[in-house]
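In the numbering used here, the protein residues as written are 567 to 738.
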């Protein structure tokens with residue numbers, strides 16, 4: 567083993583300048599990879615605590631208010647949205663089906679990965695709460711054309727029926 571290492575080192579010493587540079591870059595690359603494994607990694611994905619349900623609703627209402635206020639004739643407005651539930655998480659699972667002539671069994675287990683905080687299930691996707699209804703109170707709420715424009719906008723934006731959208735005039 568020691569002879570092999572000595573042979574490699576002498577071969578490197580005898581090689582030309584390009585080969586020495588190539589080996590130096592390879593060693594630097596290996597060193598960087600080893601160093602990156604030792605350093606703690608920052609979590610890129612926000613956890614549920616970082617973005618609460620209330621913050622999500624508030625951000626959605628704020629964006630909706632900006633959109634509605636940009637409709638001609640609406641003027642100043644207030645928006646309130648109702649959502650169906652909180653976020654839903656879908657995790658990866660392994661399925662195993664065993665079929666015999668007389669029986670059938672199925673096993674499903676969540677796929678886990680080892681992270682900084684132990685084993686964690688693999689998240690495939692997160693479903694955000696869906697808007698179920700909207701109430702808009704605006705300066706132009708008494709105008710039928712404005713009312714129809716707001717209802718059409720919100721209906722297509724959130725894919726909800728017009729019966730779940732209320733538009734009223736803002737009190738002076």
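Think of the CB as a built atom: it goes at the ideal place given N, C-alpha and C, for glycine as much as any other residue.
Nothing here was measured: the structure is a model prediction, and the numbers come from that model.
- Residue 569 and residue 577 have their C-alpha atoms roughly 12 Å apart.
- Membership of residue 676 in the beta strand (DSSP E) is indicated by the continuous run 670-676.
- Using a C-beta cut-off of 8 Å, the stretch 697-715 makes contact with the stretch 724-737, since at least three inter-stretch Cβ pairs fall below that distance.
- Nearest to residue 644 by alpha-carbon distance, out of 716, 597 and 592, is 716.
- For the pair residue 736 and residue 691, the Cα-to-Cα distance works out to about 40 Å.
- For residue 670 against residue 687, the beta-carbon gap comes to about 26 Å, at or over 8 Å, which does not count as contact.
- Annotated three-state conformation of residue 572 is helix, per DSSP.
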